[in-house]
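Numbering (our numbering), first residue to last: 668 to 849. Down below is the structure, laid out as structure tokens.
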Amino acid sequence: MKHDGGWRPRGSRVLFESHWFGLRQDDVEPPDGQPITYTYVEHPGYAMIVPLLEDGRVVMERVYRYTIQETLLECPSGGLDGDAPEAAARRELEEETGWVANSVELLGAFYGSKGISNERFHLFLGSDLHYSGRTALEATEQIEVELVPLERAVELALAGEITDAPSALGLLLARERLRGLR
Numbered sequence: 668m669k670h671d672g673g674w675r676p677r678g679s680r681v682l683f684e685s686h687w688f689g690l691r692q693d694d695v696e697p698p699d700g701q702p703i704t705y706t707y708v709e710h711p712g713y714a715m716i717v718p719l720l721e722d723g724r725v726v727m728e729r730v731y732r733y734t735i736q737e738t739l740l741e742c743p744s745g746g747l748d749g750d751a752p753e754a755a756a757r758r759e760l761e762e763e764t765g766w767v768a769n770s771v772e773l774l775g776a777f778y779g780s781k782g783i784s785n786e787r788f789h790l791f792l793g794s795d796l797h798y799s800g801r802t803a804l805e806a807t808e809q810i811e812v813e814l815v816p817l818e819r820a821v822e823l824a825l826a827g828e829i830t831d832a833p834s835a836l837g838l839l840l841a842r843e844r845l846r847g848l849r
């Protein structure tokens, strides 16, 4: 539900723009009447998929993340790049892992850093997978594919050992969705 909250925009400027995101600064007047400048990241969003094999293992990735200087266990994900979220999830799964999901189901769409960005991510459950062997990693992607039993992945998420929040949420939602199907 969109609502302006009584905030009135007075001006706006783009401070930086790249292919991946932009940095915007708005002059606004909140309901209390005291003008402020609000700076935030404009982001087109991304899609993430929890790809589940028939034997109950999840196709996951160990990904080096330069921004935090760590390698994280994550589900495949990537920018929308002008595609619909489901198409982006399918594309990223194959590009990063070589796996293809014949069935994709939306688990939900969420904001990850709403205080500093309008970035929204879309979570999907992928099933009926087959291996194409075709990958197309970008220069920034240092990825090792790892097959993890879903229940083990959920345990890791609940223990805080999967520190990528969207991946942890996706795994928990996938398990709950699968419990509803049984």
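Positions of the beta carbon are idealized from the N, C-alpha and C atoms, including for glycine. Source: prediction; values computed, not measured.
Helix, strand or coil for residue i, going by three-state DSSP, please let me know.
i	result
Ser834	helix
Ala776	strand
Ala824	helix
Glu761	helix
Arg819	helix
Ala756	helix
Arg844	helix
Leu839	helix
Asp748	coil
Arg787	strand
Leu814	strand
Ser794	strand
Ala806	coil
Let me check understanding here. Comparing Cα to Cα, which of the options lies closest to residue i?
i	options	result
Arg801	Ile716, Gln809, Glu759	Glu759
Glu843	Thr807, Lys781, Asn785, Gly775	Gly775
Pro743	Arg846, Ile810, Arg675	Ile810
Leu720	Glu805, Phe688, Asp795, Arg846	Asp795
Leu840	Val708, Leu817, Trp674	Leu817
Arg729	Glu696, Leu814, Leu838, Gly847	Leu814
Ala824	Trp674, Met727, Glu808, Gly673	Met727
Gly746	Pro711, Arg846, Ala820	Pro711
Tyr672	Gly689, Arg691, Gly678, Val695	As written in the sequence, residue 672 is Gly, which differs from the Tyr given in the question. Here the closest residue by C-alpha is Val695.
Ser780	Arg691, Leu690, Val708	Val708
Tyr778	Ala714, Ile703, Val725	Ala714
Pro676	Val717, Gly689, Pro702	Pro702
Could you tell me if residue i is buried or exposed, where buried requires 16 or more neighbouring beta carbons within 10 angstroms of its beta carbon?
i	result
Thr764	buried
Tyr733	exposed
Trp687	exposed
Arg757	buried
Ala751	exposed
Gly837	buried
Trp674	exposed
Leu804	exposed
Pro698	exposed
Glu761	buried
Gly793	buried
Would you say the stretch 736-754 touches the stretch 822-833, given that touching needs at least three Cβ pairs under 8 Å?
Contact between the stretch 736-754 and the stretch 822-833 is present, because at least three Cβ pairs lie under 8 Å.
Across the stretch 675-683 and the stretch 785-792, are there enough close Cβ pairs to call them in contact, namely three or more that are closer than 8 Å?
no
Can you check the stretch 668-742 for any beta strand (DSSP E) of at least 3 residues that lies completely inside it and give the ranges in chain order?
675-684, 689-696, 703-709, 713-718, 724-732, 737-741
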